[in-house]
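If you count the sequence shown from 1, position 198 lands on 266 in the numbering used here, and the numbers rise without skipping.
Working notes, structure below.
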Amino acid sequence: MSQDLTRSRLYGLSPKGIGTPFVESLLSYLIRLAEVHAVHLGDLLAYEIAPVLEKQYLLNSIERGGNRFYDGARTINGIGKNAEDMITTLEYLTGVKKLEKLTLSKFKEVFIVRNLIRKSLAWCPKCLNELMEKGFLYYPLIWSLTTYNVCINHKIYLEEKCPTCNKVIPFLHRKSRIGICPYCQSHLFKPLTTLQFTDHKDYYISRNVEILFRENSFSIHTLYKNLFLILQSGFNGNLKQFANYMGVPKTTAWGWLNKSTIPPLNKVLDIAYIFNIPIQTLYKECEKIQITSEVLVSDINEETEKRDRCTLNNEKIITHLNGISKEQNDVKTIIDIAKDLKCSTKFLYTNFPEECKKISKRNHQIQAEKKSLYMSNLKEKIQEVCYNCFLQDVFPTRKLLERELNLPFLFKNRQIKEYFYQVRLELEKQFNI
Numbered sequence: 069m070s071q072d073l074t075r076s077r078l079y080g081l082s083p084k085g086i087g088t089p090f091v092e093s094l095l096s097y098l099i100r101l102a103e104v105h106a107v108h109l110g111d112l113l114a115y116e117i118a119p120v121l122e123k124q125y126l127l128n129s130i131e132r133g134g135n136r137f138y139d140g141a142r143t144i145n146g147i148g149k150n151a152e153d154m155i156t157t158l159e160y161l162t163g164v165k166k167l168e169k170l171t172l173s174k175f176k177e178v179f180i181v182r183n184l185i186r187k188s189l190a191w192c193p194k195c196l197n198e199l200m201e202k203g204f205l206y207y208p209l210i211w212s213l214t215t216y217n218v219c220i221n222h223k224i225y226l227e228e229k230c231p232t233c234n235k236v237i238p239f240l241h242r243k244s245r246i247g248i249c250p251y252c253q254s255h256l257f258k259p260l261t262t263l264q265f266t267d268h269k270d271y272y273i274s275r276n277v278e279i280l281f282r283e284n285s286f287s288i289h290t291l292y293k294n295l296f297l298i299l300q301s302g303f304n305g306n307l308k309q310f311a312n313y314m315g316v317p318k319t320t321a322w323g324w325l326n327k328s329t330i331p332p333l334n335k336v337l338d339i340a341y342i343f344n345i346p347i348q349t350l351y352k353e354c355e356k357i358q359i360t361s362e363v364l365v366s367d368i369n370e371e372t373e374k375r376d377r378c379t380l381n382n383e384k385i386i387t388h389l390n391g392i393s394k395e396q397n398d399v400k401t402i403i404d405i406a407k408d409l410k411c412s413t414k415f416l417y418t419n420f421p422e423e424c425k426k427i428s429k430r431n432h433q434i435q436a437e438k439k440s441l442y443m444s445n446l447k448e449k450i451q452e453v454c455y456n457c458f459l460q461d462v463f464p465t466r467k468l469l470e471r472e473l474n475l476p477f478l479f480k481n482r483q484i485k486e487y488f489y490q491v492r493l494e495l496e497k498q499f500n501i
């Protein structure tokens, strides 16, 4: 009996971990797809995926250079349009169906995008080592969540920097490979002095995230009802106390309770931890939750005292900001400073505008100096390569220099292009060519 078979453009690679909490992420699948075709990820994107996606910014990025697509690639694992478009494209090119299981799409009714996905790669080296021994490496989707920080299997914190070059690794890079740093090409699964988890909350939250990944049905309406039950049974309907206890503005808590906004996952996990309620109960089971209000009031008073003790001292902040602006050798953003001081950027800009301006000005100066140094070093390398080419009777072309310097989009920069022509012309005269 004959059977009609449709040949796919790309190999129909099977995803890993389907049906488990450690299902492969779509970005991991994309990287493995490039590996199985023995091409760089950048080439697979440029010649196969981009034409089908028909995203103008991606086509422009390929033509002119730049990292716009790679910088925003983390959303491909998420719940938005970028994920949907990539799913459709890869299903069309590979013939493999149900690739939505490699994204967070099943949570799109109950999760919001904010604070959901990490900005860069995180991994458990012990898990990668075990996967390598089994003969298949991949990155689980669960590792891409900001709330998953402890590997439940090995009880260690996830790594966030290459152990060799100490660089933060993006989700996607033109030369991405599973388990390999794209910058120094070292293994990410080699034995490390890993950090055992020390915070019970981190472990509890990571375990609850894993529980969520095991489930398949959720209801935002059940969550809203359970939040209302917590408000009534734990705080006697006092919205201000509830908001203070949760560490959120009153308007935010009101938005959750009147069902106008969806609580972010990190806050729902905080609620699960604080009230010792299983995460699946909050999303799936609408039942009366018993909370002792007397204990909560005691905790609220204690938290209030802590906040009072941590009141920021303006003189100390001014001294701190002035010290940064004077001794600053690297970029230190106002956002980072606010995190160090445990305050908001708005607080700093409103109360210390002059100090913030000095720091911002110094940041621009440092960035300009770094750019100038980079351009100077690059020009020296161009001159050196051109000179060596003429010594060997080889005429230096743009493609030759891009290959020698491993900078494929080098001459997209007009200043560098003009400098190259100038150097080549001078060397032609020097060598009488």
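For each residue, glycine too, the CB sits at the ideal point set by N, CA and C.
Here the structure is a predicted model, which means the values were calculated and not measured.
In this structure, does DSSP put HIS255 in helix, strand or coil? strand
Start-to-end residues for the alpha helix (DSSP H) that takes in ASP408: 402 to 409
Skipping 5 residues on each side, what residues in its chain have a beta carbon closer than 7 Å to that of ALA321? LEU307, PHE310, ALA311, MET314
Can you tell me which of the three DSSP states ILE330 falls into? coil
Taking 8 Å as the cut-off, does the segment 458 to 467 touch the segment 423 to 441 (at least 3 CB pairs, one atom from each stretch)? no
CA-CA distance, LEU469 and GLN460? 14 Å
From what residue to what residue does the alpha helix (DSSP H) around ILE450 run? 421 to 459
Contacts around SER393, its chain only, beta-carbon distance under 8 Å, and the 5 residues preceding and following it disregarded: GLU423, LYS426, ILE427, ARG430
Can you give the Cα-Cα distance for PRO331 and ILE180, rounded to whole angstroms? 8 Å
With a Cβ-Cβ cutoff of 9 Å, do PHE281 and LYS352 count as a contact? no
Counting Cβ pairs closer than 8 Å, one from the segment 148 to 155 and one from the segment 191 to 200, do we hit at least three? no
Rounded to whole angstroms, what is the Cα-Cα separation between CYS454 and LEU495? 8 Å
On the DSSP bridge assignment, give the partners of GLU227 in chain order. TRP191
What's the gap between the Cα of TYR115 and the Cα of LYS149? 22 Å
Please say whether VAL236 and LYS229 have beta carbons closer to each other than 9 Å? yes
HIS222 by DSSP, collapsed to three states: which one? coil
To the nearest angstrom, how far is the alpha carbon of GLN490 from that of LEU189? 42 Å
Kindly indicate which residue of ILE279, ILE339, TYR272, TYR271 has the alpha-carbon position closest to the one of PHE296. ILE339
For TYR207, the nearest candidate out of ASN344, ILE273, PRO83 (CA to CA): PRO83
Supposed close pair ILE210, VAL277 - CB separation, criterion 8 Å: 6 Å
Which first and last residues belong to the alpha helix (DSSP H) in which GLY110 is found? 109 to 112
8 Å contact criterion, which LEU350 and ASN294 should meet: CB distance rounded: 5 Å
Residue environment, HIS268, which counts as buried when at least 16 other CB atoms sit within 10 Å: exposed
Please identify the residue among VAL164, ILE298, PRO231 whose C-alpha is closest to the C-alpha of PHE343. ILE298
Taking the DSSP output, what are the residues bridged to PRO250? Answer by DSSP bridge pairing: none, since PRO250 is not bridged.
Can you tell me whether GLY146 is buried or exposed? The criterion is at least 16 other CB atoms within 10 Å of its CB, across all chains shown. buried
In terms of residues, what are the limits of the alpha helix (DSSP H) holding TYR292? 288 to 303
Quick one: give me the first and last residue of the alpha helix (DSSP H) that GLN498 is part of. 482 to 498
Take ILE16 and list the residues in its own chain whose beta-carbon comes closer than 7 Å to its own, dropping the five residues that flank it on each side. For residue 16 there is no data in the structure shown, the boundaries of the chain being 69 and 501.
What is the residue span of the alpha helix (DSSP H) that SER96 lies within? 94 to 104
Going by beta-carbon coordinates alone, are LEU240 and TYR138 separated by less than 9 Å? yes
What span of residues does the alpha helix (DSSP H) with GLN521 cover, start to end? Nothing can be reported for residue 521: it is not among the residues displayed for the chain, which extend from 69 to 501.
Exposed unless 16 or more other CB atoms sit within 10 angstroms - verdict on VAL91: buried
DSSP-derived helix/strand/coil call for PRO208: strand
Cβ neighbours of ARG275 in the same chain (closer than 6 Å, five flanking residues each side left out): ILE220
Simplified DSSP assignment, three categories, for VAL91: coil
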